[in-house]
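First residue of the sequence shown? That's 35 in the numbering used here, and the numbers climb one at a time after it.
Just so you know, even glycine gets a beta-carbon here, dropped at the ideal spot from N, CA and C.
The structure presented is a predicted model; accordingly, all values stated were derived computationally and were not measured.
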Amino acid sequence: MSQYDVIVIGSGIGGLVTATQLAAKGIKVLVLERYLIPGGSAGYFEREGYRFDVGASMIFGFGTQGTTNLLTRALDAVDVSIETIPDSVQIHYHLPDNLDLKVHREYDKFLDELYVRFPNEEKGIKQFYDECWKVFNCLNTMELLSLEEVRYLTRVFFQHPLACLGLVKYLPLNVGDIARKHIKNPELLKFIDMECYCWSVVPAEKTPMINAGMVFSDRHYGGINYPKGGVGQIALKLVEGLEKHGGQIQYQARVTEIVTKGNCAIAVKLADGTEYQAQRIVSNATRWDTFEKLIPQPKPKKEEKWQHNYKQSPSFLSLHLGVEAKVLPPTTECHHIMLENWANLETEQGTIFVSIPTLLDPSLAPEGYHIVHAFTPSYIDHWKGISEQQYEYKKEEAAGRIIERLETIFPGIDAGLDYMEIGTPRTHRRFLGRDNGTYGPIPRRKLMGLLSMPFNRTSIKNLYCVGDSTFPGQGLNAVAFSGFSCAHRIATDLGY
Ligand SMILES: Cc1cc2nc3c(=O)[nH]c(=O)nc-3n(C[C@H](O)[C@H](O)[C@H](O)COP(=O)(O)OP(=O)(O)OC[C@H]3O[C@@H](n4cnc5c(N)ncnc54)[C@H](O)[C@@H]3O)c2cc1C
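As structure tokens, then:
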């Protein structure tokens, strides 16, 4: 007899959306989380009166209309909600050759800034971003559930035939294909690369058009909205909803093995030796952790093929800073991207991402101070094979370089520092339980859009994956999509 209908390994947003969706249907769910609190990359930590977001701060999916507002919907489904604060600008870009512009929530205002910089490309800019809207409008008409469920697909097709055909057209395409069709200016094409890189960690050529349709349009539709009390609230509220609906979560419960019988997952084993059985098992760990560490049998062929197409993206070097408020001019925006030289777009510690959530929610820092999260892509290899002393020195040195670069957009930030915590790929690996601290999978070469990204079922019977190494990829709203679809698939398989 199984003790649970479903066990979810990990309480990232992907895992929690799966668990809450199932619990809302009356399915008996247990979530096992290795860390002390839920959320994974969307978690938080507190130091000296500051509450820092571990990773994500630019949050999509909190809109009030349409069908793509998946965080709002996930919370609603288990009778909880979060107050959010709208952000009027998604990103303030500080790019080479003084390419300085803001992505305003108002679509036309954003386009106007681009037209001023690229007057000869006005038509192409409009055509490119309007084409992204076509993708979004298709997605935003239908309930987003499991694309592995034939009855659902048939129903959606008959309800929205044009939207479905639209999506089928864009599924194998990447942003670069569409951008080059409309735009010729090399600097503008570089800008589109950065528009993609800052969430997909690959340039336009390798970024699927479906994801771009969501990101480039939803920022002007549902908008970017910050959860009051910090990003950690999303996971905490989902856990509250899970428990309200009879689900359970255990912390400090590290799964060390997914037990299989033949080719079927039947149970999980924890580090302390406890074993739990369930009819279905879901892994919210990355595919590398799931298939190389948790399953004793050789990796299924399908996973080898997947690894042939996808590799690990870099992790991040993160600076969590407490800064005197007077350092930031009153017109400062919450999110910034900076790069001095296009050649460094994808290099180790090249592009810098900055989030200052206290500009939206001052309660996250002591009065008179801000939190600043500055992070930049970094590979674990850069931090391996050195002594602890060298590691500490290297961290300080790298942090110093980032602060020096930040001085160009926030003069006086160094002198205004009150607190600093430095995280490296090793920190991400340790606290987030992600292989090499990776942000997630990226294509090894140009692939056909999202066609080779796996859905939730795996080659092992009764084992499912959810989160950023499943369709449609990284980002909180994306992993929420994966959670909705995973729960839908499992509920159907269990006969609900
Ligand atoms: C620095 C940074 C900035 C980001 N910024 C943004 C942003 O602004 N906007 C945005 O939308 N996205 C952003 N992201 C991406 C986003 O945070 C992730 O894509 C998303 O949170 C991943 O969710 P997930 O459910 O796939 O998994 P994770 O968040 O990785 O959660 C997996 C959970 O499983 C647990 N776990 C793993 N293995 C085990 C085990 N063996 N036993 C028990 N538990 C286990 C982990 O502890 C973790 O809690 C950012 C990410 C980072 C790192």
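Distance cut-off 7 Å: residue i Cβ against heavy atoms of ligand 1
{"i": "Met-92", "result": "yes"}
{"i": "Ile-116", "result": "no"}
{"i": "Leu-394", "result": "no"}
{"i": "Gln-55", "result": "no"}
{"i": "Gln-267", "result": "no"}
{"i": "Gly-74", "result": "yes"}
{"i": "Ser-251", "result": "no"}
{"i": "Ala-246", "result": "no"}
{"i": "Ile-119", "result": "no"}
{"i": "Gly-307", "result": "no"}
{"i": "Ser-412", "result": "no"}
{"i": "Val-513", "result": "yes"}
{"i": "Val-289", "result": "yes"}
{"i": "Leu-562", "result": "Not covered by the structure: residue 562. The range shown for the chain is 35 to 530."}
{"i": "Phe-409", "result": "yes"}
{"i": "Ala-377", "result": "no"}
{"i": "Leu-272", "result": "no"}
{"i": "Phe-350", "result": "yes"}
{"i": "Gln-508", "result": "yes"}
{"i": "Asp-502", "result": "yes"}
{"i": "Ala-449", "result": "no"}
{"i": "Ala-58", "result": "no"}
Residues near residue i in its chain [Cβ-Cβ closer than 7 Å; skip 5 each side]
{"i": "Thr-52", "result": "Val-42, Val-316, Val-500, Gly-517, Cys-520 and Ala-521"}
{"i": "Glu-156", "result": "Tyr-149"}
{"i": "Glu-441", "result": "Ile-447 and Asp-448"}
{"i": "Leu-205", "result": "Ile-244, Gly-483, Leu-484 and Leu-485"}
{"i": "Val-361", "result": "Phe-444, Gly-446, Ile-447 and Gly-450"}
{"i": "Gln-311", "result": "Ser-36, Gln-37, Ile-300 and Ala-301"}
{"i": "His-462", "result": "Ser-349, Phe-350, Arg-468 and Gly-471"}
{"i": "Arg-478", "result": "Asn-343, Tyr-344 and Lys-345"}
Short Cβ contact (8 Å threshold) for residue i with residue j
{"i": "Ser-75", "j": "Asn-490", "result": "no"}
{"i": "Ser-347", "j": "Tyr-473", "result": "yes"}
{"i": "Ser-122", "j": "Ser-389", "result": "no"}
{"i": "Phe-350", "j": "Thr-410", "result": "yes"}
{"i": "Phe-152", "j": "Leu-222", "result": "yes"}
{"i": "Thr-106", "j": "Leu-272", "result": "no"}
{"i": "Lys-136", "j": "Glu-382", "result": "no"}
{"i": "Arg-139", "j": "His-254", "result": "yes"}
{"i": "Lys-339", "j": "Ser-493", "result": "no"}
{"i": "Glu-117", "j": "Lys-262", "result": "yes"}
{"i": "Tyr-453", "j": "Tyr-84", "result": "yes"}
{"i": "Gly-48", "j": "Asp-469", "result": "no"}
{"i": "Ile-93", "j": "Ile-292", "result": "no"}
{"i": "Arg-439", "j": "Ile-386", "result": "yes"}
Neighbourhood of residue i by C-beta distance below 6 Å, restricted to the same chain and skipping five residues each side
{"i": "Cys-298", "result": "Lys-495 and Asn-496"}
{"i": "Gly-73", "result": "Gly-266 and Ala-269"}
{"i": "Leu-528", "result": "none"}
{"i": "Asn-378", "result": "Gly-384"}
{"i": "Leu-66", "result": "Ile-43, Gln-284, Ala-287 and Val-289"}
{"i": "Leu-104", "result": "Gly-95, Asn-511, Ala-514 and Phe-515"}
{"i": "Thr-175", "result": "His-194 and Ala-197"}
{"i": "Asp-39", "result": "Ile-61, Lys-62 and Gln-313"}
{"i": "Leu-393", "result": "Cys-368"}
Residue i at chain B interface by Cβ criterion, 8 Å
{"i": "Pro-206", "result": "Structure shown: chain B not included; a single protein chain is present."}
When the options are compared against residue i, the one with the closest alpha-carbon
{"i": "Phe-444", "options": "Val-137, Ile-116 and His-369", "result": "His-369"}
{"i": "Gln-284", "options": "Ile-292, Ile-47, Leu-304 and Asp-211", "result": "Leu-304"}
{"i": "Glu-277", "options": "Leu-485, Val-112, Lys-160 and Gly-49", "result": "Val-112"}
{"i": "His-128", "options": "Gln-423, Gly-450, Met-372 and Gln-383", "result": "Met-372"}
{"i": "Val-209", "options": "Arg-523, Ala-449 and Ile-244", "result": "Ile-244"}
{"i": "Trp-233", "options": "Pro-391, Ile-61 and Gly-89", "result": "Gly-89"}
{"i": "Val-406", "options": "Ile-436, Glu-430 and Lys-418", "result": "Ile-436"}
{"i": "Pro-32", "options": "Ala-301, Ile-212 and Gly-256", "result": "As shown, the chain starts at 35 and ends at 530. That puts residue 32 outside it, with no answer to give."}
{"i": "Lys-62", "options": "Thr-461, Arg-314 and Glu-117", "result": "Arg-314"}
{"i": "Glu-177", "options": "Pro-400, Phe-191 and Asp-164", "result": "Phe-191"}
{"i": "Gln-124", "options": "Trp-167, Pro-391 and His-404", "result": "Pro-391"}
{"i": "Gly-247", "options": "Ala-359, Ser-421, Leu-173 and Gly-158", "result": "Leu-173"}
{"i": "Val-114", "options": "Ala-58, Phe-86, Ile-414 and Glu-374", "result": "Ala-58"}
{"i": "Gly-264", "options": "Asp-395, Leu-64 and Leu-109", "result": "Asp-395"}
{"i": "Ala-525", "options": "Lys-215, Ser-45, Leu-56 and Leu-50", "result": "Leu-56"}
Any non-hydrogen atom of ligand 3 within 7 Å of residue i CB
{"i": "His-522", "result": "No copy of ligand 3 occurs in the structure displayed; its ligands are ligand 1 alone."}
Contacting residues, own chain, Cβ-Cβ under 8 Å from residue i (five flanking each side not counted)
{"i": "Gly-507", "result": "Ser-234, Pro-242, Asn-245, Gly-474, Pro-475, Leu-484 and Met-487"}
In chain order, which continuous runs of the beta strand (DSSP E) of length 3 or greater are located wholly inside the segment 209-289? 258-261 and 282-284
Start-end ranges of the alpha helix (DSSP H) lying completely within the segment 379-445, minimum 4 residues: 422-440
Can you give, in chain order, each stretch of the beta strand (DSSP E) that sits fully within the segment 448-508 and has at least 3 residues? Within the segment 448-508, the complete beta strand (DSSP E) runs of at least 3 residues are 451-457, 475-477 and 497-499.
Can you check the segment 100-161 for any beta strand (DSSP E) of at least 3 residues that lies completely inside it and give the ranges in chain order? 118-121, 123-129 and 133-138
Please give the ranges of any alpha helix (DSSP H) in the segment 308-357, keeping only runs that are unbroken, at least 4 residues long and fully inside the region. 335-343
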